[in-house]
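Below: the structure, in structure tokens.
There are 2 protein chains.
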Amino acid sequence: MSESIYKIGILIFPGVTQLDFTGPAEVLARMPDTEISLVWKTLDPVTSQFGLKYYPDAKITENVNYDLILVPGGFDCARIMIDPEVLIWLQEQSRSAEYLTSVCTGSLVLAAAGLLNGYNAGCHWGWAEHLKKFGANPTRERVVIDGNRITAGGVTSGIDFALHIVERKCGRELAEQIVLSIEYDPAPISGGVPETARTEVFDMAKNRIATLNKSGGHINMIDEAASKLFAI
Amino acid sequence: MSESIYKIGILIFPGVTQLDFTGPAEVLARMPDTEISLVWKTLDPVTSQFGLKYYPDAKITENVNYDLILVPGGFDCARIMIDPEVLIWLQEQSRSAEYLTSVCTGSLVLAAAGLLNGYNAGCHWGWAEHLKKFGANPTRERVVIDGNRITAGGVTSGIDFALHIVERKCGRELAEQIVLSIEYDPAPISGGVPETARTEVFDMAKNRIATLNKSGGHINMIDEAASKLFAI
Numbered sequence: 002m003s004e005s006i007y008k009i010g011i012l013i014f015p016g017v018t019q020l021d022f023t024g025p026a027e028v029l030a031r032m033p034d035t036e037i038s039l040v041w042k043t044l045d046p047v048t049s050q051f052g053l054k055y056y057p058d059a060k061i062t063e064n065v066n067y068d069l070i071l072v073p074g075g076f077d078c079a080r081i082m083i084d085p086e087v088l089i090w091l092q093e094q095s096r097s098a099e100y101l102t103s104v105c106t107g108s109l110v111l112a113a114a115g116l117l118n119g120y121n122a123g124c125h126w127g128w129a130e131h132l133k134k135f136g137a138n139p140t141r142e143r144v145v146i147d148g149n150r151i152t153a154g155g156v157t158s159g160i161d162f163a164l165h166i167v168e169r170k171c172g173r174e175l176a177e178q179i180v181l182s183i184e185y186d187p188a189p190i191s192g193g194v195p196e197t198a199r200t201e202v203f204d205m206a207k208n209r210i211a212t213l214n215k216s217g218g219h220i221n222m223i224d225e226a227a228s229k230l231f232a233i
Numbered sequence: 002m003s004e005s006i007y008k009i010g011i012l013i014f015p016g017v018t019q020l021d022f023t024g025p026a027e028v029l030a031r032m033p034d035t036e037i038s039l040v041w042k043t044l045d046p047v048t049s050q051f052g053l054k055y056y057p058d059a060k061i062t063e064n065v066n067y068d069l070i071l072v073p074g075g076f077d078c079a080r081i082m083i084d085p086e087v088l089i090w091l092q093e094q095s096r097s098a099e100y101l102t103s104v105c106t107g108s109l110v111l112a113a114a115g116l117l118n119g120y121n122a123g124c125h126w127g128w129a130e131h132l133k134k135f136g137a138n139p140t141r142e143r144v145v146i147d148g149n150r151i152t153a154g155g156v157t158s159g160i161d162f163a164l165h166i167v168e169r170k171c172g173r174e175l176a177e178q179i180v181l182s183i184e185y186d187p188a189p190i191s192g193g194v195p196e197t198a199r200t201e202v203f204d205m206a207k208n209r210i211a212t213l214n215k216s217g218g219h220i221n222m223i224d225e226a227a228s229k230l231f232a233i
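Chains R and S supply the protein sequences, listed in that same order.
The first sequence begins at 2 in this note's numbering and counts up by one.
The second sequence begins at 2 in this note's numbering and counts up by one.
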């Protein structure tokens, strides 16, 4: 019976951007015979970037093989990029998972595990350039598909990513039904990507990211991860 | 100090549709000096519709006065519509809150508390007609503003709703910055509302809702709530 369940493992970590995975989870959970597990090193509560707490369903040490691995992002993904325990777990999962996926800066974590070397990959626009340090080719599309690596852009891209997975796994009709069920007929203020944002807004957002990355030491961690990549 | 904090209280309940509030929370948390609390009758974990667990930050009996009340939806909101303890709490909050808001079928809960009588209101398209039973005027807009009642359509409407709140409270520039930060440049499959969905997809989605509502007894609960409305 459990053989017929499609197991999705979402890696969560302290500081994770919750919408990176809660958007996809809302969509992916509507696929039949699908089980979504939040996975982390311990079962202790994990506090996301702005305070919402999540309780892992499983530990990475349990060595469950997931059919689809999803890595969400967040500023603090940089800490995960230098965490051998997590990187080795991702490498192990990559041997059996049907899909390795990420949303936002989660792709940097896949990259740090050496799993995007030579692949096209999506990422939050503010961090995409760092993918090159890991041999990945940053690609400015909302959902980037390269083999069994499916990686999405920033935060809300996760919803489009998940709908792509549903269509791929279960067909267009279920994807359309879910779109209607979640009334996904967005009416955004324009400027959701650097290409359409007003210059002053882009500059402020970019400066904010740079300031937070500097105070958090994230770029140093990314560079450390890159220096270790081929030694893992 | 705490006087300057903008307190947002999100009512959660068993079976809640998590994206109804996790989308808004991701946006609203980016307003300065804002505190978001998940509120329920107890501090025990609350399991959302597809299994993600949330831990309340506060109990409704604590009688905190929130500046903004947000009620998310979900099939099981019908149970909340006949829960006097929650309805009375909402009525009490309505006396001091700056905004009473909802996403998806959460507007039915506000309605059951008598708080949308005479108001235009948004709702998930599959349930909007029931608003009339509570004296509300269902309005087919993604974000419906009527006085201090701001009510959104189904699930993903919550993101647009929250950006509206940010713009209203903190100005357009911050809203644009958040749009860019969460890369809100959606690329949906068309058909996110009944008006654009393919007929067969709409029929299947409508039938699914009807079947689940029937097996769950939700419409009976909604009608019971309506019959009690003016007696509360």
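Cβ atoms here follow ideal geometry from the backbone N, Cα and C, with glycine treated the same way.
Treat the numbers as computed from the prediction; the structure is a model and nothing was measured.
Candidates the options, of which the one nearest residue i by Cα
i: P73 of chain R; options: R:M82, R:Q50 and R:V104; result: R:V104
i: E50 of chain S; options: S:G24, S:F14 and S:P57; result: It is worth fixing the name first, because residue 50 of chain S is Gln in this sequence and not Glu. When each option's Cα is compared against that of Q50 of chain S, the closest is S:F14.
i: T18 of chain S; options: S:D34, S:K54 and S:G10; result: S:K54
i: R96 of chain S; options: S:Y67, S:G119, S:E86 and S:G75; result: S:Y67
i: C171 of chain R; options: R:V28, R:I11, R:L20 and R:F22; result: R:V28
i: K8 of chain S; options: S:S216, S:V40 and S:D161; result: S:V40
i: S216 of chain R; options: R:Y56, R:T35 and R:A79; result: R:A79
i: S38 of chain S; options: S:D77, S:D21 and S:I11; result: S:I11
i: P25 of chain R; options: R:E174, R:F162, R:D147 and R:I70; result: R:F162
i: I190 of chain R; options: S:V47, S:H219 and S:I160; result: S:I160
i: V194 of chain R; options: S:E168, S:V194, S:A188 and S:K60; result: S:A188
i: K60 of chain S; options: S:D45, S:Q178, S:G148 and S:K229; result: S:D45
Simplified DSSP state of residue i, which is helix, strand or coil
i: A226 of chain R; result: helix
i: N208 of chain R; result: helix
i: A176 of chain R; result: helix
i: N214 of chain S; result: helix
i: D161 of chain S; result: helix
i: A129 of chain S; result: helix
i: N149 of chain R; result: coil
i: I190 of chain R; result: coil
i: V72 of chain R; result: strand
i: V144 of chain R; result: strand
i: N221 of chain R; result: helix
i: S5 of chain R; result: helix
Proximity of residue i and residue j at Cβ, strictly below 8 Å
i: L117 of chain S; j: L132 of chain S; result: yes
i: V144 of chain R; j: G192 of chain S; result: no
i: A113 of chain S; j: A226 of chain S; result: yes
i: S182 of chain R; j: A129 of chain S; result: no
i: V110 of chain R; j: I81 of chain R; result: yes
i: C124 of chain R; j: T102 of chain R; result: no
Chain S residues whose Cβ lies nearer than 7 Å to that of residue i
i: G193 of chain R; result: V180, L181, E184, Y185 and D186
i: W90 of chain R; result: By Cβ distance, chain S contributes nothing, its closest Cβ being about 21 Å from W90 of chain R, past 7 Å.
Interface residues of chain R facing residue i [CB-CB closer than 8 Å]
i: M205 of chain S; result: E174 and Q178
i: Y56 of chain S; result: P46, K54 and Y56
i: L132 of chain S; result: Per Cβ cutoff of 8 Å: no residues; L132 of chain S is ~15 Å from chain R at best.
i: L164 of chain S; result: P189 and I190
Chain R contact residues for residue i, given Cβ-Cβ distances below 9 Å
i: R143 of chain S; result: E184, D186, P187 and A188
Closer than 7 Å: residue i CB and nearest the ligand NAP heavy atom
i: A112 of chain S; result: Among the ligands in the structure shown, none appear at all, so the ligand NAP cannot be discussed.
Where residue i meets chain S, residues with beta-carbon distance less than 8 Å
i: Q19 of chain R; result: T23, A26 and E27
i: R199 of chain R; result: E177
i: V87 of chain R; result: Ordered by position in chain S, no residue passes the 8 Å Cβ test against V87 of chain R, which lies about 21 Å from the chain.
Contacts that residue i makes with chain S (C-beta to C-beta distance below 9 Å)
i: N202 of chain R; result: The amino acid occupying residue 202 of chain R in the given sequence is Val; Asn does not appear at that position. By Cβ distance, chain S contributes E174, E177, Q178, V180 and L181.
i: V156 of chain R; result: E27, S182, I183, E184 and Y185
Residue ranges of each beta strand (DSSP E) run of no fewer than 3 residues wholly in the region 74 to 112 of chain S, ordered along the chain?
100 to 103
Which ranges does the alpha helix (DSSP H) cover as unbroken runs of at least 4 residues, wholly within the region 7 to 50 of chain R, from first to last along the chain?
19 to 29
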